[in-house]
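According to this note's numbering, the sequence shown holds residues 41 to 636 in order.
Contents: one structure, followed by commentary.
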Amino acid sequence: MPDVTLLIVNWNTCDRLIRCLQSLQALPDVTSREVVVVDNGSTDGSVERVLAEHPEVRLLRNERNEGFAHAVNWGIAETASPFVLLLNSDAELQAGALDTLVSCLRGAPDVAAAGAQLYTPSGRRQHSFDLFPSLLTELGGKSILRRLAPSLYPSRLQAFDSPQEVDSLIGACMMLRRDAIDSVGPLDERFFVFYEETDWCFRARRDGWRILLVPAARAFHAQGETKSHHPGRARVESWRSKYAYFDKHRGRIVRAFLQLVSFARLSAQLLARVLACVATLGLVPSIRSRMVADAWLWCWHLMGCPRGMGFAPSESIPGYVRTIEEDGRRWLPAADALKVRGTALYRIGAFLGSEAARLIKEGRTKRHWRVTLAAEGSHREWVVKEYKAGGFCSRLKEAVRGSRAHRELARMVFAAQRGIPVSLPALVAEWNGGGGALVFSPLDGWRSLDAWLRGAGNTTERAPAGRRRADVIRAAGRFARRVYEAGVDQDDFNPTNVFVRVDPGGSIRLLLVDFERVRMRPVVPWRRRLRTLAKMTRQPAWASRSDRIRFLRAMMPACASRDELRRMLRSLGKEVSTVQARDMRRADRRTGMAGR
41 MPDVTLLIVN
51 WNTCDRLIRC
61 LQSLQALPDV
71 TSREVVVVDN
81 GSTDGSVERV
91 LAEHPEVRLL
101 RNERNEGFAH
111 AVNWGIAETA
121 SPFVLLLNSD
131 AELQAGALDT
141 LVSCLRGAPD
151 VAAAGAQLYT
161 PSGRRQHSFD
171 LFPSLLTELG
181 GKSILRRLAP
191 SLYPSRLQAF
201 DSPQEVDSLI
211 GACMMLRRDA
221 IDSVGPLDER
231 FFVFYEETDW
241 CFRARRDGWR
251 ILLVPAARAF
261 HAQGETKSHH
271 PGRARVESWR
281 SKYAYFDKHR
291 GRIVRAFLQL
301 VSFARLSAQL
311 LARVLACVAT
321 LGLVPSIRSR
331 MVADAWLWCW
341 HLMGCPRGMG
351 FAPSESIPGY
361 VRTIEEDGRR
371 WLPAADALKV
381 RGTALYRIGA
391 FLGSEAARLI
401 KEGRTKRHWR
411 VTLAAEGSHR
421 EWVVKEYKAG
431 GFCSRLKEAV
441 RGSRAHRELA
451 RMVFAAQRGI
461 PVSLPALVAE
471 WNGGGGALVF
481 SPLDGWRSLD
491 AWLRGAGNTT
501 ERAPAGRRRA
511 DVIRAAGRFA
521 RRVYEAGVDQ
531 DDFNPTNVFV
541 RVDPGGSIRL
551 LLVDFERVRM
561 RPVVPWRRRL
571 RTLAKMTRQP
581 AWASRSDRIR
591 FLRAMMPACA
601 SRDELRRMLR
611 SLGKEVSTVQ
621 ARDMRRADRR
631 TGMAGR
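Below you can see the structure in the form of structure tokens.
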């Protein structure tokens with residue numbers, strides 16, 4: 041077993057990673073070691089180059105970017121050496137640094153972590169340690185405190201010759217003792233990136249361990265090359281982790297106060313950046329980039345600090361795996377649809393509008409297609425619901441909240457988890473230029489409730505559908521009650537969005553489709569139910585009064601009295617009138633539009 045494991049987390053830093061591995065090969069250190077690289081779903085060829093150029097490196101691969109803390113915890117769990125060196129892919133150890141850190145930990149059993157002194161590639165000292173965050177350090181300004189009280193707030197301005205006990209270390213080059221990891225616990229994966237080492241050092245010191253900076257161990261650090269390519273997203277992740285740290289160790293009240301004051305200061309700072317950019321006509325790249333980063337961070341605060349504006353991916357959806365980049369599009373496949381990767385299905389966006397695709401329906405914001413693709417010598421049909429690319433405001437919403445296709449998938453999975461039968465897509469796509477699509481298998485043997493009831497009224501279907509028509513309407517009423525009780529508020533609840541299938545044995549199966557305008561609520565209030573029921577019952581061609589009463593009685597709780605049913609019918613009649621009036625206004629407005 042090696043004495044130390046060098047653990048490197050990589051995400052799209054191919055050139056830096058290869059340079060780091062080459063520098064490790066050239067080290068003359070005598071300490072036995074192994075090198076482990078945890079790749080966080082890189083798409084820049086990092087994995088292929090490591091396998092080809094450094095076969096001695098042990099490679100662990102995440103399917104997507106799970107964050108720094110998750111990758112470190114996985115790497116630690118897969119190794120057994122007594123010491124683990126966390127090394128950034130943009131850092132390079134200098135000769136003797138590894139031996140020095142190991143000797144320090146061996147000579148001081150009460151030290152949980154030891155860090156090297158970091159330098160820029162030009163030889164300038166970097167911040168290699170930090171203070172535990174507090175309201176004073178965050179609102180008072182660290183740089184001011186470090187100059188006014190250097191003994192209380194040490195910094196890189198001070199040169200140390202011997203090991204110094206510090207609050208926390210910078211995780212670019214930090215060696216951990218495995219016994220301390222077992223005692224303190226792994227890194228907290230709530231910190232996607234930033235502050236995870238600060239949180240771990242805080243817990244270690246709280247448990248009685250010491251944290252040391254070892255100036256004799258040196259490392260060069262390019263300092264966040266990946267993050268410099270996305271300054272706005274990097275700042276969002278930094279602030280998100282800062283708030284998470286305060287929430288965990290200082291309390292929610294302190295965190296809320298910090299968040300409020302920070303937003304006020306950020307607003308003033310953004311205004312100053314905008315004025316500076318206007319004064320320079322936007323010709324100074326540094327001023328322009330700072331303004332964009334501040335604007336991104338300000339919007340993140342204004343939106344309520346959502347998850348999707350930093351490096352952290354959107355919340356994972358059960359049953360669906362990591363995003364796959366292929367053919368200039370981002371694909372989110374169902375777990376059982378991964379086997380189709382590399383087939384024509386992932387190029388389905390290019391077929392829309394071609395001879396292989398037949399347009400079923402087109403609206404203002406979306407289209408429905410039926411696409412026939414050749415696969416393994418046969419042809420298979422797919423139904424595609426395509427969202428058109430919107431304007432600037434729509435794209436800004438998608439940047440914050442995720443694409444409409446992704447949000448619709450999340451609602452469908454929410455309903456499925458609560459026992460509502462739905463048709464889940466095999467793939468969800470997001471186009472790089474905006475818009476997206478959901479790809480479904482055709483619902484063979486299923487018909488919309490509207491089409492089924494219209495067909496059941498024909499003389500050709502009278503025999504099998506005499507009593508069955510009433511049974512289907514009652515089943516639809518019970519289905520609607522079940523949907524509401526599950527917290528699924530379908531704003532577009534009409535007979536075309538409920539599919540029905542009557543099996544040969546007589547059993548009736550229902551399916552809910554189209555989750556574009558669904559909201560998830562703990563409880564759907566009765567007024568909302570009446571509004572959606574009004575849409576459900578506004579079809580005058582086939583829905584008789586008896587049909588509506590059957591549906592409503594089945595939808596109502598079993599304990600409902602006749603008086604309650606009458607009141608519900610009167611309220612429902614008013615809602616139907618309201619909905620019909622709204623439909624007429626919408627029709628008048630649309631017929632006045634150009635091209636309609």
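C-beta: ideal position from N, C-alpha, C; glycine also.
*DSSP on T140, reduced to helix/strand/coil?*
One-based indexing of the sequence shown puts residue 140 at position 100. Three-state DSSP puts T140 in a helix.
_Considering only the alpha carbon of each residue, which of V44, W51, Q62 and T83 lies closest to V70?_
Sequence index remark: in the sequence shown, residue 70 carries index 30 (1-based). Residue V44 is the option with its Cα nearest to V70.
*Nearest CA to the CA of F169: which residue from V151, P190, T238 and R104?*
To locate residue 169, count along the sequence shown from 1; it is residue 129. Among V151, P190, T238 and R104, the Cα nearest to that of F169 belongs to T238.
*How about the stretch 106-115 and the stretch 68-84: do they share at least three Cβ pairs that are nearer than 8 Å?*
yes
*Under 8 Å Cβ to Cβ from V142, same chain only, skipping five residues before and after it: list those, please.*
In the sequence shown, residue 142 corresponds to position 102, counting from 1. Result list for V142: D43, V44, T71, F123 and M215, in chain order.
*Verify whether the separation of the beta carbon atoms of A131 and C54 is less than 8 Å.*
Looking up residue 131 in the sequence shown gives position 91. Looking up residue 54 in the sequence shown gives position 14. In this structure, C54 does not lie closer than 8 Å to A131 by Cβ.
*Report the rounded CA-to-CA distance for P656 versus A516, giving the unit in angstroms.*
Nothing about residue 656 can be reported from this structure: the residues present for the chain run from 41 to 636 only.
*What is the rounded straight-line gap between the Cα of L478 and the Cα of L493?*
The residue given as residue 478 occupies position 438 in the sequence shown. The residue given as residue 493 occupies position 453 in the sequence shown. When rounded, the distance between both Cα atoms is 28 Å.
*DSSP beta-bridge partners for K401?*
Looking up residue 401 in the sequence shown gives position 361. H408.
*asked:* Given this structure, state the Cα-to-Cα distance separating R606 from M595, to the nearest angstrom.
replied: Taking the sequence shown and counting its residues from 1, one reaches residue 606 at position 566. Taking the sequence shown and counting its residues from 1, one reaches residue 595 at position 555. Cα to Cα, the separation comes out at about 14 Å.
*Excluding the five sequence neighbours on either side, which residues of its own chain have a C-beta within less than 6 Å of the C-beta of S208, listed in chain order?*
As a first step, residue 208 must be located in the sequence shown, where it is residue number 168. Excluding residues within five positions, the ones whose Cβ falls inside 6 Å are D170, T238 and C241.
*asked:* Here's the rule: buried if 16 or more other CB atoms are within 10 angstroms of the residue's CB, otherwise exposed. What is N498?
replied: Here residue 498 is taken as the residue at index 458 of the sequence shown, counted from 1. Confidence at N498 is low in this model, with a pLDDT of 43, below 50, so the placement of that residue should be treated as unreliable; the coordinate-derived value is given next. Per the 10 Å Cβ criterion, exposed.
_Same chain, Cβ closer than 7 Å to S183, five either side skipped, listed in chain order_ = Indexing the sequence shown from 1 puts residue 183 at position 143. There are no such residues.
*In its own chain, which residues sit with a C-beta less than 6 Å from the C-beta of P203, not counting the 5 before and 5 after it?*
If you number the sequence shown from 1, residue 203 lands on position 163. The answer, listed in chain order, is L252 and V254.
*asked:* Suppose you measure from the CA of K379 to the CA of R89; what does that come to, to the nearest Å?
replied: Counting from one through the sequence shown, the residue named residue 379 turns up at place 339. Counting from one through the sequence shown, the residue named residue 89 turns up at place 49. No answer about K379 holds up, because its pLDDT of 48 lies below 50 and its placement is not dependable.
*What number of angstroms, rounded off, separates the C-alpha of V301 from the C-alpha of H341?*
Taking the sequence shown and counting its residues from 1, the one referred to as residue 301 is at position 261. Taking the sequence shown and counting its residues from 1, the one referred to as residue 341 is at position 301. One C-alpha to the other measures close to 11 Å.
_the ligand GDP and S86: does the residue's C-beta get closer than 7 Å to at least one heavy atom of that ligand?_
With respect to the ligand GDP, the structure shown offers nothing to examine, as it has no ligands at all.
_Of the listed residues L449, F591, L46 and R561, nearest to V512 (C-alpha basis)_ = Sequence index remark: in the sequence shown, residue 512 carries index 472 (1-based). Here the closest residue by C-alpha is F591.
*Where do the ends of the beta strand (DSSP E) carrying Q530 lie?*
Sequence index remark: in the sequence shown, residue 530 carries index 490 (1-based). That run of the beta strand (DSSP E) goes V528 to Q530.
*Closest to R230 by CA distance: which of Q198, S281, R187 and D222 is it?*
Reading the sequence shown from its first residue, position 190 is the one you call residue 230. It is S281 whose Cα lies nearest to the Cα of R230.
*Leaving out five residues on either side along the sequence, give the residues of the same chain with a beta carbon under 6 Å from the beta carbon of R502.*
Working through the sequence shown from its first residue, we reach residue 502 at position 462. Summary for R502: the model assigns pLDDT 40, below 50, so the residue's position carries little reliability, and this model does not support an answer.
*Return the Cβ separation of A137 and A220 in integer angstroms, given the expectation that the two are a contact with Cβ distance under 8 Å.*
Here residue 137 refers to the residue found at position 97 of the sequence shown. Here residue 220 refers to the residue found at position 180 of the sequence shown. A137 to A220, Cβ: 20 Å. No contact.
_Rounded Cβ spacing between F286 and P173 (contact assumed at less than 8 Å)_ = Residue mapping note: residue 286 aligns to position 246 of the sequence shown, counting from 1. Residue mapping note: residue 173 aligns to position 133 of the sequence shown, counting from 1. Going by Cβ atoms, the distance from F286 to P173 rounds to 7 Å, so yes, they are a contact pair.
*Exposed or buried, Q198, counting other C-beta atoms within 10 Å across all chains shown (16 or more means buried)?*
Counting from 1 along the sequence shown, the entry for residue 198 is found at position 158. Flag for Q198 reads exposed.
*Can you name the start and end residues of the alpha helix (DSSP H) that H341 belongs to?*
Within the sequence shown, the letter at position 301 stands for residue 341. Counting along the chain, the alpha helix (DSSP H) containing H341 begins and ends at P325 to L342.
*Is Q198 helix, strand or coil by DSSP?*
The count along the sequence shown starts at 1 and reaches residue 198 at position 158. It is coil, neither helix nor strand.
*Using DSSP with H/G/I as helix, E/B as strand and the rest coil, what is V112?*
Translated into the one-based positions of the sequence shown, residue 112 becomes position 72. Helix, per DSSP.
_Residues in the same chain with beta-carbon distance under 6 Å from G485, minus the five sequence neighbours each way, listed in chain order, please._
As a working mapping, residue 485 is identified with position 445 in the sequence shown. Excluding residues within five positions, the ones whose Cβ falls inside 6 Å are R541.
_From the DSSP secondary-structure annotation, give me the bridge partner or partners of K425._
The residue you call residue 425 lines up with position 385 of the sequence shown. Paired residues: H408 and L478.
_Separation of T140 from L127, as counted between CA atoms_ = Here the question's residue 127 lines up with position 87 in the sequence shown. Here the question's residue 140 lines up with position 100 in the sequence shown. So the two alpha carbons sit approximately 15 Å from each other.
*For the beta strand (DSSP E) that G155 lies in, which residues bound it at each end?*
Counted from its first residue, the sequence shown places residue 155 at position 115. Run containing G155: V151 to Y159, per the beta strand (DSSP E) assignment.
_On the DSSP bridge list, what partners appear for F539?_
The sequence position of residue 539 within the sequence shown is 499, counting from 1. For F539, which the question treats as bridged, DSSP gives the partners S488 and L551.
*Alpha carbon to alpha carbon, what distance is there between L552 and K401?*
For the purposes of this step, residue 401 is taken as the residue at position 361 of the sequence shown. For the purposes of this step, residue 552 is taken as the residue at position 512 of the sequence shown. Computed Cα separation, rounded: 19 Å.
*Measuring CA to CA, which of Q263, R250 and F303 is closest to V276?*
In the sequence shown, counting from the first residue as 1, residue 276 sits at position 236. Ranking the options by Cα distance to V276, first place goes to F303.
*P346 to S586, Cα distance in whole Å?*
Indexing the sequence shown from 1 puts residue 346 at position 306. Indexing the sequence shown from 1 puts residue 586 at position 546. P346 and S586: Cα-Cα distance of roughly 48 Å.
*Please check the pair L337 and G272, which I expect to be a contact at CB under 8 Å, by giving their CB distance rounded to whole angstroms.*
As a working note, residue 337 is residue 297 in the sequence shown. As a working note, residue 272 is residue 232 in the sequence shown. The Cβ separation is near 7 Å, so the contact holds.
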